[in-house]
Amino acid sequence: MRIATWNVNSVRQRLGHLLDFLKEAQPDALCLQEIKCVDADFPRAEIEEAGWQVETHGQKTFNGVAILSRSKLEDVRRGLPGDEADEQARYLEGVLPMGSGVVRLATIYLPNGNPPNTEKYPYKLDWMRRLTNHARMLLEQEEALVFAGDYNVIPEPRDAREPAAWVNDALFLPPTRAAFRGLLNLGLTEALRATTDAPGLYTFWDYQAGAWQRNNGIRIDHLLLSPQAADRLASVSIAKHVRGWEKPSDHVPVMLELN
DNA sequence: ATGTCGCATTCCATGCGA
């Protein structure tokens with residue numbers, strides 16, 4: 004089965020690309036981030052018409068996540084537990100019934116955290132703490148789990164074309180990277196790094212300063228796997244060509260194949 | 001240091017978030 008993740012940077016602006024990618028990649032499920040609309044404004048009819056089921060957790064203007072899937076998502080949870088006051092729509096989870104056994108799948112839009120000298124950075128770190136707690140709880144179920152999304156974390160220097168440019172950025176600061184390692188240390192496997200040590204693999208290129216033309220990218224979109232999912236990992240691919248489409252998202256899809 | 005985009009509003013210009 005194929006599971007993909009993509010920060011689309013407005014689902015309404017990117018509907019054409021989204022339908023093109025679904026047709027081309029044929030994923031069993033696609034996790035979306037930054038849909039940037041409320042549930043009622045999600046282009047549900049067009050996507051259902053193309054043959055995918057839709058679960059959304061939207062928000063006005065910013066953030067918002069969704070999961071598209073061939074089979075209906077079950078046991079759906081909206082929002083990351085651990086802070087009742089948090090109103091940002093950044094997490095949606097459910098169970099995909101598959102022939103070869105179920106997979107629990109979460110779509111994650113982890114806070115950006117910039118600028119770091121504001122309340123945005125502690126919010127990011129606290130959100131990572133909550134995600135770690137939630138993942139720890141889910142791992143106790145010992146089931147196949149996939150946490151897919153825009154983590155807004157550059158895990159290592161090899162994950163940036165110009166790592167020196169990011170040393171004071173919330174995506175690369177030591178506490179950010181430490182929190183990401185803490186998540187992995189629960190026993191999760193980062194899918195791409197389970198398949199390759201190659202540098203130069205990016206999932207985001209800024210709209211500004213010709214970043215795409217100069218291949219000045221960073222790798223911040225990740226798929227984290229429980230042991231039961233990692234044991235089934237066959238391959239991971241980055242759909243880099245999507246960044247070259249007309250009026251693209253600044254992120255590209257990342258997809259994995261499970262046996 | 002940003003050569004950009006998308007959203008929303010105070011709405012054809014500006015602020016915010018990324």
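Under the working numbering, read the first sequence as residues 4 to 262, first letter to last. Ideal Cβ placement from N, Cα and C applies to all residues, glycine included.
Secondary structure remark: continuous alpha helix (DSSP H) runs of at least 4 residues inside the segment 172 to 200, in chain order: 177 to 187 and 194 to 198.
Restricting attention to Lys-75, Phe-45 and Gln-62, the CA atom closest to the CA of Gln-56 is found in Lys-75. Taking a contact to require three or more Cβ pairs closer than 8 Å, the segment 141 to 153 and the segment 228 to 240 qualify as touching.
Of the residues Pro-125, Asn-262 and Leu-99, the one whose Cα lies closest to the Cα of Glu-77 is Leu-99.
Looking at the DSSP output, Gly-152 shares a beta bridge with Ile-111 and His-225. The bridge partners DSSP lists for Tyr-94 are Ile-111. When secondary structure is reduced to three states using DSSP, Leu-204 falls in the coil class, being assigned neither helix nor strand. Where Gln-231 is concerned, the enclosing alpha helix (DSSP H) starts and stops at 230 to 233. In the three-state reduction of the DSSP assignment, Gln-211 falls in the helix class. Straight-line spacing of the CA atoms in Asp-89 and Pro-114 works out to 12 Å. Between Gly-152 and Thr-8, the C-beta gap is smaller than 8 Å, which places the two residues in contact. If you check the CB distance, Asp-224 and Asn-12 do not come in under 8 Å.
Restricting attention to beta strand (DSSP E) runs no shorter than 3 residues, the segment 28 to 76 encloses them at 32 to 36, 56 to 60 and 68 to 72, ordered along the chain. Between Gly-67 and Cys-40 a beta carbon distance of about 6 Å is seen, short of the 8 Å cut, so the two are scored as contacting. In the three-state scheme derived from DSSP, where H, G and I count as helix and E and B as strand, Thr-8 is classed as strand. Counting only residues of its own chain and dropping the five nearest sequence neighbours on each side, Pro-84 has a CB closer than 6 Å to the CB of His-137. In the DSSP annotation of this structure, Met-258 is not part of any alpha helix (DSSP H); the continuous beta strand (DSSP E) holding it starts and ends at 257 to 261. Under the 8 Å Cβ criterion, the segment 116 to 131 does not count as touching the segment 159 to 170, having fewer than three qualifying pairs. For Leu-21, the three-state secondary structure derived from DSSP is helix. Separation of Leu-134 and Glu-96 (C-alpha to C-alpha, rounded to the nearest whole angstrom) is 12 Å.
Setting aside the 5 residues that flank it on each side, Asn-117 is surrounded in the same chain by Lys-123, Tyr-124, Asp-172, Ala-173 and Leu-174, each with a C-beta closer than 8 Å to its C-beta; the list follows chain order.
Leu-142: member of the alpha helix (DSSP H) spanning 123 to 142, first to last residue.
When rounded, the separation of the alpha-carbon atoms in Leu-25 and Asn-218 is 25 Å. Relative to the Cα of Asn-262, the nearest Cα in the group Gln-16, Leu-22, Gly-185 and Asp-31 belongs to Asp-31. The Cβ neighbour count for Met-4, taken over all protein chains shown within 10 Å, is at least 16; the residue is labelled buried.
In this structure, the CA atom of Val-106 is about 17 Å from the CA atom of Val-239.
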